[in-house]
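In my numbering, the protein residues as written are 12 to 516. Where a beta carbon is used, it is the ideal one built from N, C-alpha and C, also for glycine. Please read these numbers as outputs of a predicted model, since none were measured by experiment.
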Ligand SMILES: O=P(O)(O)OC[C@H](O)CO
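Printed below as a string of structure tokens:
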């Protein structure tokens with residue numbers, strides 16, 4: 012029987028489960044898609060009960076995949092092939108659900124991080140400069156509907172007798188990790204420091220729920236979970252699908268933070284970038300960094316040592332390429348890559364994908380997307396290439412802000428996500444930044460990060476030095492000296508293009 016940690020990554024689109032052995036190998040995996048609904052403009056929801064059922068399915072698939080890999084189909088669902096020693100949780104951040112403490116029944120749908128239902132409440136609060144600055148200083152986050160605080164405030168008003176019930180402790184407010192742990196255990200109500208820091212209700216310096224913000228938003232502290240370290244046994248599983256009872260739940264961490272941990276972000280000089288629909292560029296440090304409006308300051312994790320994180324979220328990267336692909340009538344991403352490769356390197360087009368304003372480091376909701384530098388000689392290939400370049404430049408914009416705050420030299424940018432499989436893109440990113448890009452061979456880096464934290468909690472590994480030894484193979488893209496002048500010139504032009512798309516500037 013092989014000892015494994017079950018690492019569950021509960022994302023927005025899929026629930027993935029990995030089985031990780033003590034050498035850091037992935038020996039089984041399963042993934043199940045999740046549904047998402049858009050009930051009206053700006054509203055984005057998921058079904059909390061479906062999420063729990065899909066978690067069970069993905070665990071069963073992961074355990075079953077070990078059976079398939081080993082050619083033994085005798086043991087029911089593989090439960091005799093592996094011994095799960097601990098459960099690790101990585102989760103989509105900022106999404107929040109309210110449920111009844113006495114029954115565990117959801118009182119709301121999961122209000123997704125993408126859901127903008129509290130836009131007008133945020134706008135009103137932002138007009139109060141003093142409060143706005145206070146929230147940024149205490150939580151490290153700019154007032155925005157992405158974060159749970161304002162959505163929870165509204166939900167408590169909408170639930171009949173909501174405030175009184177909240178005061179009496181009858182309502183639980185939890186991010187997805189809390190909901191998962193509640194359902195996998197006999198109702199342990201807990202969160203970790205990384206997820207707490209994304210609620211916009213948590214003072215990241217003192218590491219306590221912020222009573223001034225709670226009071227202003229009418230949220231009773233009795234609704235909130237206790238905050239524990241990310242690497243910590245919070246309770247034992249109950250029987251949960253194929254998962255047996257009595258297994259320690261040993262880590263919880265927000266997915267972006269988990270990815271940074273999986274990339275070895277506890278070591279000095281490591282910055283990570285996740286390339287997806289949007290992108291997140293993030294680095295960790297042991298001291299509270301300067302709170303800057305361009306990027307979020309957050310708690311990265313607590314693995315006995317609390318690490319802070321600096322993170323910039325870019326709204327459109329993969330989605331920017333896809334938008335241009337559709338506009339150009341290109342069939343698929345492969346064809347889009349081929350088209351972009353035909354562009355001449357000295358083409359003059361820039362695309363700024365401010366398709367729903369600009370995220371980090373500009374945070375400009377008024378900005379609109381533009382193509383500029385168009386000439387009569389411009390070809391479709393040039394426009395396609397400008398879409399790929401917009402990803403490089405936007406990552407660079409955030410990378411430079413983070414680099415200013417990091418005390419040490421950046422050794423490498425560690426990358427994950429689908430678009431990183433594009434070698435041209437990764438080499439160009441290295442050339443533009445003048446920093447080595449490191450692309451690891453395990454795609455599920457968030458689950459790995461959560462798994463490492465669980466392994467520390469149950470004594471599989473003792474130190475982060477041991478974890479660093481587990482790192483697998485990686486492809487390195489080293490910056491080419493001869494390309495740097497070219498990319499620096501283009502980057503200067505990009506800055507002008509960004510100015511042009513910012514209408515109010
Ligand atoms: O579900 P993902 O992987 O897109 O991640 C969502 C982020 O955690 C939101 O901040």
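*Which whole-angstrom value is the C-beta distance of residue 97 and residue 261, which I expect to be below 8 angstroms?*
Counted from its first residue, the chain shown places residue 97 at position 86. Counted from its first residue, the chain shown places residue 261 at position 250. Indeed, because the Cβ distance is near 4 angstroms, the residues count as touching under 8 angstroms.
*Determine the direct distance from the alpha carbon of residue 350 to that of residue 210, and round the result to whole angstroms.*
Taking the first residue of the chain shown as position 1, residue 210 is located at position 199. Taking the first residue of the chain shown as position 1, residue 350 is located at position 339. The straight-line gap from Cα to Cα measures roughly 42 angstroms.
*Nearest-angstrom Cα separation, counted from residue 488 out to residue 422*: In the chain shown, counting from the first residue as 1, residue 422 sits at position 411. In the chain shown, counting from the first residue as 1, residue 488 sits at position 477. For residue 422 and residue 488, the distance between alpha carbons rounds to 12 angstroms.
*asked:* Let me make sure I understand the geometry here. Which of 434, 107 and 147 has the alpha-carbon closest to that of residue 128?
replied: Along the chain shown, read from residue 1 onward, the residue named residue 128 stands at position 117. Selected option, being the one with the closest Cα: 107.
*Return helix, strand or coil for residue 43, following the three-state DSSP convention.*
Mapped onto the chain shown, residue 43 falls at position 32. Strand at residue 43.
*C-alpha distance - residue 500 paired with residue 445, whole-angstrom precision*: As a first step, residue 500 is located in the chain shown; it is residue number 489 there, counting from the start. As a first step, residue 445 is located in the chain shown; it is residue number 434 there, counting from the start. The alpha-carbon atoms of residue 500 and residue 445 are separated by roughly 14 angstroms.
*Less than 8 angstroms separating the beta-carbons of residue 72 and residue 28?*
Position 61 of the chain shown, counted from the first residue, corresponds to residue 72. Position 17 of the chain shown, counted from the first residue, corresponds to residue 28. It is a contact, given that the beta carbons lie within the stated cut-off.
*Which value, in whole angstroms, describes the spacing of the CA atoms of residue 373 and residue 77?*
Locating residue 373 in the chain shown gives position 362, counting from the first residue. Locating residue 77 in the chain shown gives position 66, counting from the first residue. The alpha-carbon atoms of residue 373 and residue 77 are separated by roughly 46 angstroms.
*Report whether the distance from the Cβ of residue 241 to the nearest heavy atom of ligand 1 is below 7 angstroms.*
For this step, residue 241 is matched to residue 230 along the chain shown. False, no ligand heavy atom lies under 7 angstroms from that Cβ.
*Determine the direct distance from the alpha carbon of residue 429 to that of residue 114, and round the result to whole angstroms.*
Reading the chain shown from its first residue, position 103 is the one you call residue 114. Reading the chain shown from its first residue, position 418 is the one you call residue 429. Roughly 40 angstroms between the two C-alpha positions.
*Compare the C-beta of residue 379 against all C-beta atoms of chain D and say whether one is closer than 8 angstroms.*
Chain labels in this structure do not include chain D; a single protein chain is all it has.
*Output the distance between the C-alpha atoms of residue 208 and residue 485, rounded to the nearest integer angstrom.*
The count along the chain shown starts at 1 and reaches residue 208 at position 197. The count along the chain shown starts at 1 and reaches residue 485 at position 474. Computed Cα separation, rounded: 31 angstroms.
*With a 10 Å radius around its C-beta and 16 neighbouring C-beta atoms as the bar for buried, classify residue 514 as buried or exposed.*
Within the chain shown, the letter at position 503 stands for residue 514. Per the 10 Å Cβ criterion, exposed.
*Kindly identify the DSSP beta-bridge partner or partners of residue 498.*
By 1-based counting over the chain shown, the position of residue 498 is 487. DSSP output for residue 498 lists no bridge partner at all.
*asked:* Can you tell me whether residue 176 is helix, strand or coil according to DSSP?
replied: Residue mapping note: residue 176 aligns to position 165 of the chain shown, counting from 1. It is helical.
*Closer than 6 angstroms by C-beta to residue 285: which residues in its own chain qualify, once you throw out the five before and the five after it? Chain order, please.*
Residue mapping note: residue 285 aligns to position 274 of the chain shown, counting from 1. Taken in chain order, the residues that qualify are 270, 291, 427 and 428.
*Within the region 400-449, ranges of the beta strand (DSSP E) (whole runs, at least 3 residues)*: 423-427
*Thinking just about the alpha-carbon of each residue, which of 363, 380 and 388 is nearest to the one in residue 355?*
For the purposes of this step, residue 355 is taken as residue 344 along the chain shown, with counting starting at 1. That would be 388, whose Cα lies nearest to the Cα of residue 355.
*Closer than 7 angstroms: residue 186 CB and nearest ligand 1 heavy atom*: Residue 186 sits at position 175 when you count from the first residue of the chain shown. No; taking the cut-off as 7 angstroms, the Cβ of residue 186 has no heavy atom of ligand 1 nearer than that.
*Buried or exposed: where does residue 418 fall if 16 or more other Cβ atoms within 10 Å of its Cβ makes it buried?*
Your numbering for residue 418 matches position 407 in the chain shown. Counting C-beta atoms within 10 angstroms of its own C-beta, residue 418 has fewer than 16 neighbours from the protein chains shown and is therefore classed as exposed.
*Pick helix, strand or coil for residue 37, following the three-state DSSP scheme.*
Taking the chain shown and counting its residues from 1, the one referred to as residue 37 is at position 26. Strand, per DSSP.
*Compute the minimum distance between the beta carbon of residue 105 and the heavy atoms of ligand 1, and state whether it is under 7 angstroms.*
For this step, residue 105 is matched to residue 94 along the chain shown. Yes, ligand 1 has a heavy atom inside 7 angstroms of this Cβ.
*For residue 54 and residue 377, the rounded distance between their alpha carbons*: As a first step, residue 377 is located in the chain shown; it is residue number 366 there, counting from the start. As a first step, residue 54 is located in the chain shown; it is residue number 43 there, counting from the start. C-alpha separation (whole angstroms): 20 angstroms.
*asked:* Suppose the cutoff is 7 angstroms on Cβ atoms and the five residues either side in sequence are ignored; what does the same chain contact list for residue 154 look like?
replied: What you label residue 154 is simply residue 143 of the chain shown in a count that begins at 1. Within the same chain, residue 154 has close Cβ partners 133, 136, 137, 143 and 146.
*Collapsed DSSP secondary structure at residue 285 in the structure displayed*: Taking the first residue of the chain shown as 1, we reach residue 285 at position 274. In the three-state DSSP reduction, residue 285 falls in the strand class (E or B).
*beta-carbon residue 438 near ligand 2 non-hydrogen atom, thresh 7 angstroms*: The model on display carries ligand 1 but not ligand 2.
*Return yes when at least one heavy atom of ligand 1 lies under 7 angstroms from the C-beta of residue 23, else no.*
For this step, residue 23 is matched to residue 12 along the chain shown. Relative to ligand 1, the nearest heavy atom lies less than 7 angstroms away from the CB of residue 23.
*Pairwise C-alpha distance: residue 191 and residue 69*: The sequence position of residue 69 within the chain shown is 58, counting from 1. The sequence position of residue 191 within the chain shown is 180, counting from 1. Approximately 14 angstroms between the Cα atoms of the pair.
*State the DSSP-derived secondary structure class of residue 20, mapped to helix, strand or coil.*
Stepping through the chain shown from its first residue, residue 20 is reached at position 9. Here residue 20 sits in strand by DSSP.
*Using 8 angstroms as the Cβ pair cut-off and three pairs as the minimum, do the region 313-330 and the region 359-373 touch?*
yes
*Could you check the C-alpha separation between residue 32 and residue 480 for me, to the nearest Å?*
Your numbering for residue 32 matches position 21 in the chain shown. Your numbering for residue 480 matches position 469 in the chain shown. Approximately 14 angstroms between the Cα atoms of the pair.
*Less than 8 angstroms separating the beta-carbons of residue 202 and residue 236?*
Position 191 of the chain shown, counted from the first residue, corresponds to residue 202. Position 225 of the chain shown, counted from the first residue, corresponds to residue 236. A contact, by the Cβ cut-off of 8 angstroms.
*Beta-carbon separation of residue 266 and residue 102 under 8 angstroms?*
In the chain shown, the residue the question calls residue 266 occupies position 255. In the chain shown, the residue the question calls residue 102 occupies position 91. The answer is yes: Cβ separation under 8 angstroms.
*Let me know the secondary structure DSSP gives residue 126 once reduced to three states.*
Here residue 126 refers to the residue found at position 115 of the chain shown. Correct three-state label for residue 126: coil.
*Quickly, what does DSSP pair residue 314 with across the bridge? List them, please.*
Residue numbering aside, residue 314 sits at position 303 when the chain shown is read from its first letter. Partner(s): none; residue 314 has no beta bridge.
_Cβ contact (3+ pairs, closer than 8 angstroms) linking the region 447-454 and the region 244-259_ = no
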